[in-house]
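Just so you know, the sequence shown maps onto residues 1 to 928 in full-length UniProt numbering. Note that CB positions come from ideal geometry on N, CA and C, so glycine has one too. Structure record follows, encoded as structure tokens.
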Amino acid sequence: MALEELSDAHAILLATQLCADGNVADLPILQAQFPHCFPLERLLRIILTFLPESTEPSQYTSVLKELTNSSNLPSDRPINTSVIQDLSESVARKRVRKLHLRPLQRPDEEDEIASADSLTKFLIHRAHLIDSETALQPLILELILPFYENSPIIRTWLISSLLPLLRLNYEFYAHRDETISLEILESMDDQTAVNILLSLMSSEESNMDLVNNLRGLIGPWLYGGNRSKRRRLNEAAQQSSVSFIQGSEKPRATELAGWEHVNEWLLSRSLVDRDSVVSAFTHWDGPSDVDLGGYDNAGTQLSEEQAKDLRVRYGQSGLAVVYAYADSSMTVLEGSFQVLTRVAKLLDLEDCLYLAPDLELPSVHYDTESISSTSRASLLQNSLLRPTNPLTKPSPPSISFLSALLLSLRILTELGHLVPCRVAANMCLHSTEEMQLAELKSAVTSTVKQPNPNQDWSVVRQRLLWLRDWQAEQSDNAWDEPSPYHGLFWRIPRDTVEMEILKALLAAKEYQLAVDIYINSKPAPLNPAQVEAAVQEAIFTAYDNASNGNRTRGGMKRAYDILQSFESHFPESVVFKQIHALIAATHALSYYSLTLQHGVPFQPVSIRVHHDPILLIEKVLEQNAKSYTKLDDLLSIGRNLVAAGVPTQAASHEAEDEPTHHKLPKEYALLTAERRITSLAIASALSSNDFGTAYSYILTRLTPPSLLSTSSPLLNTTSVPDDITWRAVYNAGRYRATTPTHPPPTLQSQISHLSQRMELLSLALVLVPSPDPLPEILGAWRRCDEELTSLRAQEQQEEDLWDRKGDTLTSVPGGFGPSDSERDAFDTEQQRAARRARAAMPNSHRHEAPMGLFEVARGAALALHKNAFPLRGVADGSASVAPQDDDRPLSPDSEGRVRKRDMVSNMMTGGLVSGIGWVLGADPVSKK
1 MALEELSDAH AILLATQLCA DGNVADLPIL QAQFPHCFPL ERLLRIILTF LPESTEPSQY
61 TSVLKELTNS SNLPSDRPIN TSVIQDLSES VARKRVRKLH LRPLQRPDEE DEIASADSLT
121 KFLIHRAHLI DSETALQPLI LELILPFYEN SPIIRTWLIS SLLPLLRLNY EFYAHRDETI
181 SLEILESMDD QTAVNILLSL MSSEESNMDL VNNLRGLIGP WLYGGNRSKR RRLNEAAQQS
241 SVSFIQGSEK PRATELAGWE HVNEWLLSRS LVDRDSVVSA FTHWDGPSDV DLGGYDNAGT
301 QLSEEQAKDL RVRYGQSGLA VVYAYADSSM TVLEGSFQVL TRVAKLLDLE DCLYLAPDLE
361 LPSVHYDTES ISSTSRASLL QNSLLRPTNP LTKPSPPSIS FLSALLLSLR ILTELGHLVP
421 CRVAANMCLH STEEMQLAEL KSAVTSTVKQ PNPNQDWSVV RQRLLWLRDW QAEQSDNAWD
481 EPSPYHGLFW RIPRDTVEME ILKALLAAKE YQLAVDIYIN SKPAPLNPAQ VEAAVQEAIF
541 TAYDNASNGN RTRGGMKRAY DILQSFESHF PESVVFKQIH ALIAATHALS YYSLTLQHGV
601 PFQPVSIRVH HDPILLIEKV LEQNAKSYTK LDDLLSIGRN LVAAGVPTQA ASHEAEDEPT
661 HHKLPKEYAL LTAERRITSL AIASALSSND FGTAYSYILT RLTPPSLLST SSPLLNTTSV
721 PDDITWRAVY NAGRYRATTP THPPPTLQSQ ISHLSQRMEL LSLALVLVPS PDPLPEILGA
781 WRRCDEELTS LRAQEQQEED LWDRKGDTLT SVPGGFGPSD SERDAFDTEQ QRAARRARAA
841 MPNSHRHEAP MGLFEVARGA ALALHKNAFP LRGVADGSAS VAPQDDDRPL SPDSEGRVRK
901 RDMVSNMMTG GLVSGIGWVL GADPVSKK
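Put into structure tokens, the structure is as follows:
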């Protein structure tokens with residue numbers, strides 16, 4: 001059937017068959033033959049419906065151009081009509097009515113495309129069909145390329161939709177198994193597309209991947225920000241999102257809002273992948289740096305004002321990234337410096353940078369009013385990108401402040417103190433003096449602990465002072481006032497900073513440098529009182545942290561070295577003298593084994609926190625055998641403790657008990673400490689069954705208080721309380737051995753021991769300060785006297801037995817000796833001599849002892865005019881007077897010899913007179 005013989009129905013069916021066979025080259029001939037039957041829109045719909053999507057676009061793009069140009073030129077090329085020639089007219093019409101041609105415009109198409117020409121609608125619809133049916137997205141590019149130059153709509157669609165899709169699936173991430181379709185990409189709003197396109201980064205080269213994505217994916221995508229469909233999606237996203245810009249800020253234009261999402265993404269991404277974000281800022285110039293594939297020579301659709309605004313906002317995101325990161329390692333700081341330098345360069349603010357850490361520290365000057373007006377909320381992450389935030393909005397003050405802040409953080413990091421940028425900014429702008437001082441102390445401590453043996457502390461001091469006010473020239477005026485410049489520690493007075501630096505020098509063992517700077521220099525940065533206080537604190541810090549009391553080791557050595565370095569410069573310092581005594585006492589204690597409660601070993605700080613350090617000597621005596629024999633060493637420790645000014649509880653209580661509320665002189669505290677230590681040593685000796693040492697200590701160490709007036713004119717018995725000595729003497733006087741000795745003691749040694757005990761009990765009577773303990777002391781003395789009488793009687797019996805054995809003639813060789821009558825006469829004569837001797841004694845000095853306390857006391861008073869004894873003279877404060885021969889009591893078995901028992905009795909009586917005269921009612925005996 002010839003072409004001219006075809007009906008309209010047959011022609012339409014022939015056109016559909018040609019498209020289905022991929023033979024679209026004959027369509028212009030068919031259109032020329034049947035122009036009324038094939039308007040351009042119908043013919044494009046037939047191609048859209050029946051031409052297979054896998055057909056190479058090169059086969060029909062030229063046909064599309066011919067159809068759109070309406071070049072209905074006659075052609076003599078024949079067309080094969082065999083496929084329809086057997087169809088009747090009715091059948092052809094019926095089939096035509098059943099044809100369902102696709103519309104040129106896709107449902108919910110953009111307004112721009114809906115109002116465009118038929119070819120534009122066809123191309124967009126055809127591109128979606130190719131992608132959905134074949135996923136051969138390069139075919140779409142072949143379809144679009146011949147037409148984009150003459151159609152702004154097609155060019156915008158090509159750049160903003162097709163170009164990102166092709167780069168994503170076939171260039172940047174061709175290795176990915178999953179691909180993104182055109183339909184999915186065009187269904188995204190700007191924020192979603194930014195999140196997806198920028199997050200597709202490989203782990204190997206994520207830094208450059210991000211730059212490529214920003215330049216090659218996000219740039220082209222946001223090129224189509226003004227498309228109507230994109231605007232509708234963005235508006236819907238804005239209504240459902242609470243993270244979009246709110247408050248008093250006006251919504252930004254659609255073409256600019258997309259870049260806001262990029263800035264927000266960069267800020268959020270920097271918290272988890274800072275390196276890639278830093279690389280993006282250093283290698284990407286912002287919204288103006290986009291790769292449109294050469295399809296738009298202008299490169300951007302933004303005006304100069306919009307481009308400037310985007311550049312400022314991009315720079316603000318860079319400053320926000322610097323503030324937001326919560327790490328301050330040297331690597332992070334280097335990245336922050338790079339970002340800040342890049343932002344300053346992009347915005348022509350390089351003159352505001354202060355980034356010369358290796359050179360001389362600069363003097364920073366900036367508008368502090370605008371920076372200081374910020375609130376703490378300005379440093380929150382959701383506020384960093386606000387256009388009105390003066391900290392992140394690029395300007396000369398913000399660039400200068402942040403560069404000085406980063407330089408400060410670099411110095412702190414080099415000193416071993418890591419501080420995040422946001423924390424440092426908050427501290428500088430909103431912290432109180434106390435908070436800044438706490439941070440400064442922490443920085444100084446980190447510097448001291450940093451293992452750097454080659455640390456130049458003069459440079460460290462210069463840097464710490466620079467951190468205070470960010471000024472290279474340090475003024476010496478108004479040290480007690482805050483700095484007029486807002487440095488990192490600007491609220492702290494300079495003398496306080498110098499104090500912390502001095503403590504750091506001492507902690508770092510830079511003693512000579514500290515002396516040179518703070519004592520020898522003129523003018524000195526600190527006054528002597530401040531230096532003394534800082535040195536004192538450093539010494540006590542080292543002392544309290546010491547684990548061993550030996551001053552040649554550890555913290556004690558450090559404390560002693562500091563003291564030696566500064567002691568000569570403060571010769572009148574009472575504090576240094578006390579510290580010297582404290583260290584001496586601690587060093588002496590370190591030679592003894594000492595464990596405190598719950599098995600805690602002794603540490604020097606135990607002395608400073610103890611309520612009564614003298615008790616530590618008691619523990620030394622308990623835990624170290626025979627340590628009581630080193631009384632001089634223990635007394636030296638006690639004297640040093642008193643000289644160190646540590647509390648001595650007993651002395652304090654005694655001072656409080658005084659009727660006059662004045663402090664006891666140092667001599668009183670020293671005397672009380674010596675008494676306590678001596679009494680403790682006596683008690684330790686007694687517990688070790690060493691009565692001899694205890695007896696010796698009493699006679700040589702515990703001087704009666706009445707003698708104090710002769711040994712020291714400052715002390716007297718009425719003003720020196722003493723409730724210690726008499727107790728020690730009394731406890732020794734009633735001592736009894738708890739363990740048997742080997743060999744057993746002889747009778748003579750027992751008598752000597754009892755005599756010593758009675759002597760101590762008599763001394764206790766002299767020393768007791770109140771009458772309450774007298775009955776107890778007298779009872780102990782009476783028991784000793786009874787026991788001594790028993791031993792004397794036993795001794796006498798042994799002597800008599802020995803005499804009888806010696807006088808027995810039978811025991812003498814030869815049998816010579818008196819007869820029995822002569823022996824009886826001899827015994828009778830001895831008894832008569834004894835009676836005469838007793839009769840010659842005064843009636844008041846009978847051998848019968850009074851049975852009661854009052855009788856003993858009154859009888860002793862009556863005998864005072866005939867008895868002389870050593871302790872009487874001692875108690876009266878005068879030298880002992882030797883008794884006359886006619887005043888000495890004679891023993892029955894030896895005339896002219898004073899027995900030890902009689903001397904003890906005399907001591908007892910003398911003690912009664914001087915100790916309880918209030919009981920006796922007798923007149924004092926006049927001194928001879």
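Point to revise | Simplified DSSP state of Glu4, which is helix, strand or coil | key: Along the sequence shown, one-based indexing puts residue 4 at 4. Reduced to three states, the DSSP call for Glu4 is helix.
Point to revise | Rounded C-alpha distance that separates Val277 from Ala438 | key: Counting from 1 along the sequence shown, the entry for residue 277 is found at position 277. Counting from 1 along the sequence shown, the entry for residue 438 is found at position 438. If I take the Cα positions, the gap works out to 33 Å.
Review point. Counting pairs of beta carbons, one from the stretch 256-270 and one from the stretch 288-296, are three or more of them closer than 8 Å?
Key: no
Practice item. Just the C-alpha distance for Met758 and Ala732, rounded to the nearest angstrom, thanks. Key: As a first step, residue 758 must be located in the sequence shown, where it is residue number 758. As a first step, residue 732 must be located in the sequence shown, where it is residue number 732. In a straight line, the C-alpha of Met758 is about 10 Å away from that of Ala732.
Exercise for review: Could you tell me which residues DSSP pairs with Thr595 in its beta bridges?
Suggested key: Position 595 of the sequence shown holds residue 595. Per DSSP, Pro601.
**Study point:** Sequence-distant residues of the same chain with beta carbon closer than 7 Å to Asn234, five excluded per side
**Key:** As a first step, residue 234 must be located in the sequence shown, where it is residue number 234. If we look at Asn234 and ignore the five residues flanking it on each side, its Cβ neighbours are Asp189, Asp190, Thr254 and Ala257.
Point to revise | Separation of Ile579 from Cys428, as counted between CA atoms | key: Position 428 of the sequence shown holds residue 428. Position 579 of the sequence shown holds residue 579. Taking the straight line joining both Cα atoms gives about 39 Å.
**Study point:** N- and C-terminal bounds of the alpha helix (DSSP H) containing Tyr735
**Key:** Counting from 1 along the sequence shown, the entry for residue 735 is found at position 735. That residue, Tyr735, is in no alpha helix (DSSP H); it is neither H nor E in DSSP.
Point to revise | Three CB pairs or more closer than 8 Å across the stretch 94-101 and the stretch 17-26 | key: no
Check your understanding: Taking the C-alpha atoms as reference points, what is the distance between Gln471 and Leu440?
Key -> By 1-based counting over the sequence shown, the position of residue 471 is 471. By 1-based counting over the sequence shown, the position of residue 440 is 440. Each residue's alpha carbon lies about 17 Å from the other.
Review point. Is the beta carbon of Phe38 less than 8 Å from the beta carbon of Ala15?
Key: The residue given as residue 38 occupies position 38 in the sequence shown. The residue given as residue 15 occupies position 15 in the sequence shown. Against a cut-off of 8 Å, the Cβ pair of Ala15 and Phe38 comes out as a contact.
Review point. Taking the alpha-carbon positions, what's the Leu774 to Thr725 distance?
Key: Here residue 774 corresponds to residue number 774 of the sequence shown, with the count starting at 1. Here residue 725 corresponds to residue number 725 of the sequence shown, with the count starting at 1. Approximately 15 Å, taken between the alpha carbons.
Practice item. Please classify Asn234: does DSSP put it in a helix, a strand, or coil? Key: Taking the first residue of the sequence shown as position 1, residue 234 is located at position 234. The answer is helix: DSSP assigns Asn234 an H, G or I state.
Review point. Looking at C-beta atoms only, is the number of pairs between the stretch 580-594 and the stretch 521-529 that lie closer than 8 Å three or more?
Key: no
Check your understanding: Can the beta-carbon of Tyr518 be found less than 8 Å from the beta-carbon of Val531?
Key -> The residue given as residue 518 occupies position 518 in the sequence shown. The residue given as residue 531 occupies position 531 in the sequence shown. Yes, the Cβ-Cβ distance between Tyr518 and Val531 is below 8 Å.
Exercise for review: Starting from the C-beta of Pro613, find all residues in its chain whose C-beta is less than 7 Å away, skip the five residues before and the five after it, and write them out in chain order.
Suggested key: The residue you call residue 613 lines up with position 613 of the sequence shown. If we look at Pro613 and ignore the five residues flanking it on each side, its Cβ neighbours are Ile607, Leu641 and Val646.
**Study point:** Own chain, CB closer than 6 Å to Asp273, minus 5 neighbours either side, in chain order
**Key:** Position 273 of the sequence shown, counted from the first residue, corresponds to residue 273. For Asp273, where only same-chain residues beyond five positions count, there are no Cβ hits under 6 Å.
Point to revise | Contact between the stretch 550-565 and the stretch 620-631 (3+ Cβ pairs under 8 Å) | key: no
Review point. Unbroken alpha helix (DSSP H) runs of length 4 or more, entirely within the stretch 121-185: which are they?
Key: 137-144, 152-157 and 163-166
Point to revise | Secondary structure of Cys37, DSSP reduced to three states | key: Position 37 of the sequence shown, counted from the first residue, corresponds to residue 37. If DSSP states are grouped into helix, strand and coil, Cys37 belongs with coil.
Point to revise | Selected residue, minimal CA-CA separation from Ala174, among Ser446, Pro138 and Ser547 | key: For the purposes of this step, residue 174 is identified with residue 174 of the sequence shown, where counting begins at 1. Among Ser446, Pro138 and Ser547, the Cα nearest to that of Ala174 is on Pro138.
Check your understanding: Does DSSP put His753 in a helix, a strand or coil?
Key -> Taking the first residue of the sequence shown as 1, we reach residue 753 at position 753. Reduced to three states, the DSSP call for His753 is helix.
Exercise for review: Report yes if the CB atom of Arg736 is closer than 8 Å to the CB atom of Ala780, and no otherwise.
Suggested key: Here residue 736 corresponds to residue number 736 of the sequence shown, with the count starting at 1. Here residue 780 corresponds to residue number 780 of the sequence shown, with the count starting at 1. No, Cβ-Cβ distance for Arg736 and Ala780 is not below 8 Å.
Point to revise | Euclidean distance between Cα positions of Cys352 and Thr134 | key: In the sequence shown, residue 352 corresponds to position 352, counting from 1. In the sequence shown, residue 134 corresponds to position 134, counting from 1. Distance between the alpha carbons of Cys352 and Thr134: 57 Å.
Exercise for review: Would you kindly report the start and end of the unbroken alpha helix (DSSP H) that includes Cys421?
Suggested key: The residue you call residue 421 lines up with position 421 of the sequence shown. Per DSSP, Cys421 belongs to the alpha helix (DSSP H) from Cys421 to His430.
Review point. Distance, Cα to Cα, Arg675 vs Val460?
Key: In the sequence shown, residue 675 corresponds to position 675, counting from 1. In the sequence shown, residue 460 corresponds to position 460, counting from 1. In a straight line, the C-alpha of Arg675 is about 52 Å away from that of Val460.
Review point. Rounded C-beta distance between Ala542 and Leu502? I'm assuming under 8 Å.
Key: Within the sequence shown, the letter at position 542 stands for residue 542. Within the sequence shown, the letter at position 502 stands for residue 502. With a Cβ gap of about 14 Å, Ala542 and Leu502 do not count as contacting.
Review point. Going by beta carbon distance, what residues of the same chain come within less than 7 Å of Ser7, once the five residues before and after it are set aside?
Key: For the purposes of this step, residue 7 is identified with residue 7 of the sequence shown, where counting begins at 1. Same-chain partners within the cutoff: Glu89 and Ala92.
Review point. Cβ atoms of Gln31 and Leu48: under 8 Å apart, would you say?
Key: Here residue 48 corresponds to residue number 48 of the sequence shown, with the count starting at 1. Here residue 31 corresponds to residue number 31 of the sequence shown, with the count starting at 1. Taking 8 Å as the Cβ cut-off, Leu48 and Gln31 do not qualify as a contacting pair.
Exercise for review: Classify Asp800 as helix, strand or coil using the three-state DSSP reduction.
Suggested key: What you label residue 800 is simply residue 800 of the sequence shown in a count that begins at 1. If DSSP states are grouped into helix, strand and coil, Asp800 belongs with the helices.
Check your understanding: Going by C-alpha distance, which of Ser161, Ala683, Asp690 and Val262 is nearest Asp131?
Key -> Looking up residue 131 in the sequence shown gives position 131. Residue Ser161 is the option with its Cα nearest to Asp131.
**Study point:** Ile637 in three-state terms, based on DSSP
**Key:** The residue labelled residue 637 in the question sits at position 637 within the sequence shown. If DSSP states are grouped into helix, strand and coil, Ile637 belongs with the helices.
Practice item. Could you check how far apart the C-beta atoms of Ile218 and Val194 are, in whole angstroms? I think they sit under 8 Å. Key: The residue labelled residue 218 in the question sits at position 218 within the sequence shown. The residue labelled residue 194 in the question sits at position 194 within the sequence shown. Going by Cβ atoms, the distance from Ile218 to Val194 rounds to 6 Å, so yes, they are a contact pair.
Review point. Taking the C-alpha atoms as reference points, what is the distance between Thr374 and Arg313?
Key: Looking up residue 374 in the sequence shown gives position 374. Looking up residue 313 in the sequence shown gives position 313. Using only the alpha carbons, I get a separation of about 19 Å.
Review point. So, helix, strand or coil for Ile79, using DSSP?
Key: Sequence index remark: in the sequence shown, residue 79 carries index 79 (1-based). Coil, per DSSP.
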